[in-house]
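**Q** My structure is below; once you've seen it, I'll send some questions.
Protein chains: 2
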Amino acid sequence: MSNFSIGVDLGGTNLRIAAVDGQGNLMEKVTLATRTVLGRDQVLNEMCGAIRRVSDKYKASATLLGVGIGVPGIIDMDTGMMREPPNLPGWADYPVRAEIEKRLGAPVILENDANVAALGEKWLGAGRNVADMAMLTLGTGVGGGVILGGKIWHGITGMAGEFGHMTGEPEGQPCGCGNRGCLEQYASATAVVRMAQEAIASGDAPGLAQAADSDVEFSAQEIYRLAIQGDEGARRIFRRAGRALGISLATLINGLNLEMYVIGGGVSSAWEAFSPAIFAELRQRCMVYVATAPADPLGSSSGASGQVEPRAGRKTIITRALLGSDAGLYGAARLPIESRSIETAVWGFGNPSGL
Amino acid sequence: MSNFSIGVDLGGTNLRIAAVDGQGNLMEKVTLATRTVLGRDQVLNEMCGAIRRVSDKYKASATLLGVGIGVPGIIDMDTGMMREPPNLPGWADYPVRAEIEKRLGAPVILENDANVAALGEKWLGAGRNVADMAMLTLGTGVGGGVILGGKIWHGITGMAGEFGHMTGEPEGQPCGCGNRGCLEQYASATAVVRMAQEAIASGDAPGLAQAADSDVEFSAQEIYRLAIQGDEGARRIFRRAGRALGISLATLINGLNLEMYVIGGGVSSAWEAFSPAIFAELRQRCMVYVATAPADPLGSSSGASGQVEPRAGRKTIITRALLGSDAGLYGAARLPIESRSIETAVWGFGNPSGL
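Protein sequences appear in the order of chains R and Z. Numbering of the first sequence is given in my numbering, commencing with residue 4 and proceeding in unit increments. Numbering of the second sequence is given in my numbering, commencing with residue 4 and proceeding in unit increments.
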């Protein structure tokens, strides 16, 4: 009998559930609204009901390895509790993992959403041929995940990979975290819109001003649309985002020397607009390396990536993510598979006491 | 029969050799000048001669596990060659490891000097009770090393830990590496002297000007002496160094979430002068943490450290190194011991083919 697992992407807006087989093939995917207004218990009930409906369909023909859930917040890996999840009010200091396990009768693994996105890209996306990589997720905020030796690197308290709060400009834009000049203040969707509004207020971005007037939901996506149409004000904003990303990536490259850095999240669809500025910064700031951008970034395909070539030795690859919003779903589904394969490896040694 | 190993710290000025037993006890230490003017082969001959003299004394009563050598430069771990070592001209692209092994007839491990310093502090110094730590070495330049799971983390090309080239000020002081505003430009001994000279030139550091006039070798140490005597110009320089260290440490803490960050190297003896500025930055810039400096940094002992307390969970410790200039020597001696214990662990499983 073959195996499968359930991956869940529990966001503040959408709740997505997928059944995935051990090779990463999608068996079924369900998207629901996360009805946070109904309260935590109701969301848990709806989620567990949907998980059960999906898994029941396949249980006759395959073994459920477990359920992996990506959540927006920091997880205490020991207790399975979340710490101050901003988009899930009322979920902090509540035994989320234990409650879901009780309802489902299956092993559950909770994981930070940026970490599962990185694991998804490692398993089936941009990072599938590398062992060590970091991913930056450019969404409403900027999250990140670190994969070392193929596994999520948690750090001591589960906080590793908070690259959105790397300091890029010591006296820069104040950030909600208390710091100034965090990467998140230049490379998130929120930051793109804020920088556009600042440009409009300063009076030197007529294209943006016109677009903002005619669009109630003046979004990062709309600003990107203007940028690819050649609007200089919009292009300047993505150059600023790319510059901040380049500064932070250079620090990561010099400090960690990983094989690959993946840029994902919603804003990464504007790769063509911001990636040339990333490579311009890397060319200047990477110590032993010479950064080379893709030959024609504006004309490049969706999988376009650049490389940072060391003067000797292996290249460092900077690339955009390949799985889009499914990265977290696949990464979550990977968690029980990985956990099981560790158990198998251990048991594979035979009786541990005989070692 | 007990075991011992030989650690070598091959610097551009001094060549130091130590015999160390498996528990980290020093058996013998020898310091020679590194006579680089005589050329690479002569330095290798002198080094191998000294290693042989030391090891021959103990070979009758203990087994030599091997020789670990810390060198100032980046090592290609596969080939055992060095890449562009600035203080050892003529050593690049030369099979250093193979040559030394041939002369000594013993296994040799080459390692970057900042990495062995981190390993030494992990083994016997500030980090002896933690598994995951990073060390910043503030010397002529700023080096660094990362220890994960008790082992040196090399990255893909052996470059990991180049924290001296983290960007702290995107438009700051130009650095020899091609970047601007590198940590090294604010927190190295070279930077301390440069900042003092800038302050003298600007005319608002009379104490420094007077000291520079009367001191041919106007050094970072002399500037530190003025700082602890209360000279405001000198104190300002160490605050600047501490600020740069705090900005970079906050990025490392937010991004890597390691248990401990150790500050070593010659400049770290000025800990009392620069550490308050580190903690001031960390209080502002660390995301989930609240940094607490030692209660009385100026009156604190040589082992003084501060902590970055998370709102929940384990503390992150920021501390100065404990082993001084011996960290690299002990770390180098640790390399063959560690390498041997890996072999032992593998063979301890019995016949590998039986797994």
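Heads up, the beta-carbon is just placed ideally off N, CA and C, and yes, glycines get one too. Computed from a prediction, not measured in an experiment: that's the story for all the values here.
1. Taking all protein chains shown into account, do 16 or more other C-beta atoms lie within 10 angstroms of the C-beta of ASN115 (chain Z), making it buried, or fewer, making it exposed?
2. Does the CB of VAL293 (chain Z) have a neighbour CB from chain R at under 7 Å?
3. With a 10 Å radius around its C-beta and 16 neighbouring C-beta atoms as the bar for buried, classify VAL270 (chain R) as buried or exposed.
4. Residues in the stretch 165–185 of chain R with C-beta within 8 Å of chain Z's C-beta atoms, listed in sequence order?
5. By a C-beta neighbour count over all protein chains shown, 10 Å radius and 16 as the cutoff for buried, is PRO89 (chain Z) buried or exposed?
6. Measuring only the C-alpha atoms, how far is ASP12 (chain Z) from THR160 (chain R)?
7. Got a sec? Which residues, its chain only, sit under 7 Å from TYR333 (chain R) by beta carbon, not counting five neighbours each side?
8. Given that GLU257 (chain R) touches chain Z, what residues does it touch there, using C-beta distances under 8 Å?
9. Note down, in chain order, each residue of its chain lying with its Cβ closer than 7 Å to the Cβ of ALA120 (chain R), except the 5 sequence neighbours on either side.
10. Suppose contacts are defined by Cβ-Cβ distances below 7 Å. Is ILE112 (chain Z) in contact with GLY142 (chain Z) by that definition?
11. Are the Cβ atoms of MET360 (chain Z) and LEU261 (chain Z) separated by less than 7 Å?
12. Under a Cβ-count criterion, where at least 16 other Cβ atoms within 10 Å of its own Cβ denotes burial, should ALA204 (chain R) be classed as buried or exposed?
13. Pull up the CB-CB distance for MET263 (chain R) and ALA129 (chain R), whole angstroms please, since I reckon it's below 8 Å.
14. Given ALA247 (chain R), which residues of its chain have a CB within under 7 Å of its CB, disregarding the five upstream and five downstream residues?
15. Let me know if ASN132 (chain Z) comes out buried or exposed under the rule of 16 or more other beta-carbons within 10 Å of its beta-carbon.
16. Among Z:ASP79, Z:LEU91, Z:ALA215 and Z:MET80, whose alpha-carbon lies nearest the alpha-carbon of THR39 (chain Z)?
17. For GLY158 (chain R), which residues from the same chain have a beta carbon less than 6 Å from its beta carbon, with the 5 sequence-adjacent residues on both sides left out?
18. Pull the bridge partners of GLY71 (chain R) from the DSSP assignment, please.
19. Could you tell me which residues DSSP pairs with ILE77 (chain Z) in its beta bridges?
20. With a floor of 4 residues, list each alpha helix (DSSP H) that falls wholly inside the stretch 218–269 of chain Z, ordered by position along the chain.
21. Helix, strand or coil for MET50 (chain Z)? Go by DSSP, reduced to three states.
22. With DSSP as the reference, identify every bridge partner of PRO177 (chain Z), one or two as the case may be.
23. At a Cβ cut of 7 Å, what residues of the stretch 233–255 of chain Z count as close to chain R, listed as they run along the chain?
24. Strictly under 7 Å for the Cβ-Cβ distance: is ARG288 (chain Z) near chain R by that measure?
25. Could you check the C-alpha separation between LEU151 (chain R) and ALA134 (chain R) for me, to the nearest Å?
26. Relative to the C-alpha of GLY179 (chain Z), which residue among R:PRO110, R:ARG55 and R:GLN287 is closest?
27. Is ALA109 (chain Z) near GLY69 (chain Z), with beta carbons less than 7 Å apart?
28. Output needed for ALA95 (chain Z): all residues of its chain with C-beta closer than 7 Å, excluding positions within five of it in sequence on either side, in chain order.
29. Once you ignore the five residues that flank GLY14 (chain Z) on each side, which residues in its own chain have a CB closer than 8 Å to its CB?
30. Classify ARG238 (chain Z): buried if its beta carbon has 16 or more other beta carbons within 10 angstroms, exposed otherwise.
31. Could you compute how far the alpha carbon of ALA215 (chain R) sits from the alpha carbon of MET30 (chain R)?
32. Pull up the distance between the alpha-carbon of LEU285 (chain R) and that of ILE250 (chain R), whole angstroms please.
33. Report yes if the CB atom of MET169 (chain Z) is closer than 7 Å to the CB atom of GLY258 (chain R), and no otherwise.
34. Keeping to the same chain, check which residues put their C-beta closer than 7 Å to that of VAL195 (chain R); ignore five residues upstream and five downstream.
35. Which residue wins for smallest C-alpha separation from ILE54 (chain R), given the options R:GLU104, R:TYR97 and R:PRO173?
**A** The short version:
1. ASN115 (chain Z) should be labelled buried.
2. Note that VAL293 (chain Z) scores a pLDDT of 48, beneath 50, so its modelled location is shaky; the value from the coordinates is reported in the next line. With 7 Å as the cut-off, VAL293 (chain Z) does not count as an interface residue toward chain R.
3. buried
4. GLU165, PHE166, HIS168, MET169, THR170, GLY171, GLU172, PRO173, CYS180, GLY181, ASN182 and ARG183
5. exposed
6. 35 Å
7. GLY10, VAL23, GLY27, GLY123, TRP126, LEU127 and LEU326
8. It should be pointed out that residue 257 (chain R) corresponds to Asn in this sequence rather than to Glu. Neighbours of ASN257 (chain R) on chain Z, chain order: MET162, GLU165, PHE166, HIS168 and MET169.
9. MET138, THR140, GLY148, GLY267, ALA330, GLY331 and GLY334
10. no
11. In this structure chain Z extends from 4 to 358, so residue 360 (chain Z) is not present and cannot be described.
12. exposed
13. 7 Å
14. Closer than 7 Å at Cβ, skipping near neighbours: GLY171, LEU186, TYR189 and ALA190.
15. exposed
16. Z:LEU91
17. Residues of the same chain with a CB within less than 6 Å of the CB of GLY158 (chain R), apart from the 5 flanking positions on each side, do not exist.
18. Note: GLY71 (chain R) sits in a beta bridge opposite R:GLY10 and R:ILE112.
19. Z:ARG86
20. For the stretch 218–269 of chain Z, whole alpha helix (DSSP H) runs of length 4 or above, ordered along the chain, are 223–231 and 235–259.
21. helix
22. Z:ARG183
23. ILE250, ALA253 and THR254
24. yes
25. 6 Å
26. R:GLN287
27. yes
28. MET85, ARG86, GLU87 and PRO88.
29. THR37, PRO75, ASN90 and ASP116
30. Buried is the label assigned to ARG238 (chain Z), since at least 16 other Cβ atoms lie within 10 Å of its Cβ.
31. 42 Å
32. 7 Å
33. yes
34. ALA223, ILE226, ILE240, ALA244 and VAL270
35. Out of R:GLU104, R:TYR97 and R:PRO173, R:GLU104 has the C-alpha closest to the C-alpha of ILE54 (chain R).
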